[in-house]
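**Student:** In the UniProt record's numbering, the protein residues as written are 1 to 258.
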């Protein structure tokens with residue numbers, strides 16, 4: 001069948017010619033990783049934060065350097081800010097929440113950025129003075145710098161309305177936010193593996209042993225997480241490129257001919 005102009009008429013019941021409906025967001029329960037992630041974040045904050053609300057340096061969960069009066073106040077600020085970033089970040093990376101509650105997503109996003117920037121800056125100062133050895137200090141400084149850069153980049157991308165790039169940078173930032181948890185996991189594993197070697201490999205030196213544990217935990221804590229995050233992002237981009245190519249090929253095949 002042709003129209004009066006000689007062109008093939010569009011079939012009203014043709015699926016190829018119908019306008020493509022926007023994809024509906026998946027139900028929240030179809031993201032099985034959200035609940036475990038939220039529970040881990042809440043549990044970690046619930047365990048780590050309370051001692052720092054007392055103002056008592058003796059309750060700090062990390063060793064404090066001697067003769068650095070401003071270390072503990074900065075540590076308290078860092079823990080508070082990182083706790084805010086961890087909780088708000090869970091909602092930021094939750095696709096269902098981001099789609100259904102856009103205004104809340106923007107508000108929590110601002111809170112996340114406001115927490116991360118000073119959190120990273122205080123983290124740098126803390127890292128320089130932390131009494132856990134030069135290997136751990138170097139790792140913590142680099143982590144803080146990357147956390148700051150990733151967060152600012154994510155903020156600048158959303159201000160430029162480059163939402164896909166914003167999402168990727170925000171995921172990288174949040175991966176570093178959560179790396180403090182994997183830091184603790186790697187620390188426990190390193191202790192279990194190396195503790196039998198305290199009197200041999202480390203010559204009975206508790207200080208050398210502690211430095212080794214701290215160095216391994218800090219480096220593995222964020223590098224492994226960041227590597228896995230980047231691999232996942234690259235995999236997602238490859239899938240998106242293939243999907244776009246398939247859609248273009250499908251439109252080309254369905255295009256009417258004269």
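The C-beta atom is built at its ideal place from N, Cα and C for all residues, glycine as well. Source: prediction; values computed, not measured.
Which whole runs of the alpha helix (DSSP H) in the segment 44-100 are 4 residues long or more, in chain order?
**Tutor:** Restricting attention to alpha helix (DSSP H) runs no shorter than 4 residues, the segment 44-100 encloses them at 71-92, 95-100, ordered along the chain.
**Student:** Please classify residue 87 as buried or exposed, where buried requires at least 16 other C-beta atoms within 10 Å of its C-beta.
**Tutor:** As a first step, residue 87 must be located in the chain shown, where it is residue number 87. Per the 10 Å Cβ criterion, buried.
**Student:** From the DSSP output, in three-state form, read off residue 139 for me.
**Tutor:** By one-based count along the chain shown, residue 139 stands at place 139. In this structure, residue 139 counts as helix in the three-state DSSP scheme.
**Student:** According to DSSP, simplified to helix, strand and coil, what is residue 217?
**Tutor:** Taking the chain shown and counting its residues from 1, the one referred to as residue 217 is at position 217. In the structure shown, residue 217 falls within a helical segment according to DSSP collapsed to helix, strand and coil.
**Student:** Is DSSP giving residue 144 helix, strand or coil here?
**Tutor:** Within the chain shown, residue 144 is the residue found at index 144, counting from 1. In the structure shown, residue 144 falls within a helical segment according to DSSP collapsed to helix, strand and coil.
**Student:** Among the residues of its own chain, which have a CB less than 6 Å from the CB of residue 209, if the five just before and after it don't count?
**Tutor:** Locating residue 209 in the chain shown gives position 209, counting from the first residue. 198, 202, listed in sequence order.
**Student:** Name the two residues that bound the continuous alpha helix (DSSP H) containing residue 118.
**Tutor:** Start at 1 with the first residue of the chain shown, and residue 118 comes out as number 118. Looking at the DSSP string, the run of the alpha helix (DSSP H) that includes residue 118 is 102-129.
**Student:** Looking at C-alpha atoms only, which residue of 238, 130, 34, 172 is the closest neighbour of residue 71?
**Tutor:** Locating residue 71 in the chain shown gives position 71, counting from the first residue. With distances taken between Cα atoms, residue 71 lies closest to 130.
**Student:** Comparing the C-beta of residue 105 with each C-beta of chain C, is any distance below 8 Å?
**Tutor:** Absent from the structure is chain C; it holds one protein chain and no more.
**Student:** Run through DSSP, which three-state label would residue 32 get?
**Tutor:** On the chain shown, residue 32 is found 32 positions in, with the first residue counted as 1. Residue 32: coil per DSSP, three-state reduction.
**Student:** Find out if the Cβ-Cβ distance for the pair residue 170, residue 154 is shorter than 8 Å.
**Tutor:** For the purposes of this step, residue 170 is taken as the residue at position 170 of the chain shown. For the purposes of this step, residue 154 is taken as the residue at position 154 of the chain shown. Contact flag set, yes.
**Student:** Quick one: residues in its chain with C-beta nearer than 7 Å to the C-beta of residue 54, no 5 flanking neighbours on either side, listed in chain order?
**Tutor:** Translated into the one-based positions of the chain shown, residue 54 becomes position 54. Excluding residues within five positions, none has a Cβ falling inside 7 Å.
**Student:** Put residue 202 into one of helix, strand or coil per three-state DSSP.
**Tutor:** To locate residue 202, count along the chain shown from 1; it is residue 202. Reduced to three states, the DSSP call for residue 202 is coil.
**Student:** For residue 42, count the other beta carbons within 10 Å of its own beta carbon; 16 or more makes it buried, fewer makes it exposed. Which is it?
**Tutor:** Within the chain shown, the letter at position 42 stands for residue 42. Residue 42 should be labelled exposed.
**Student:** If you pair each beta-carbon of the segment 56-71 with each one of the segment 103-115, do three or more pairs fall below 8 Å?
**Tutor:** Segments in contact, no.
**Student:** Does the beta-carbon distance from residue 232 to residue 176 come in below 8 Å?
**Tutor:** For the purposes of this step, residue 232 is taken as residue 232 along the chain shown, with counting starting at 1. For the purposes of this step, residue 176 is taken as residue 176 along the chain shown, with counting starting at 1. Not closer than 8 Å, so no.
**Student:** How many Å lie between residue 58 and residue 172 at the Cα?
**Tutor:** On the chain shown, residue 58 is found 58 positions in, with the first residue counted as 1. On the chain shown, residue 172 is found 172 positions in, with the first residue counted as 1. When rounded, the separation of the alpha-carbon atoms in residue 58 and residue 172 is 34 Å.
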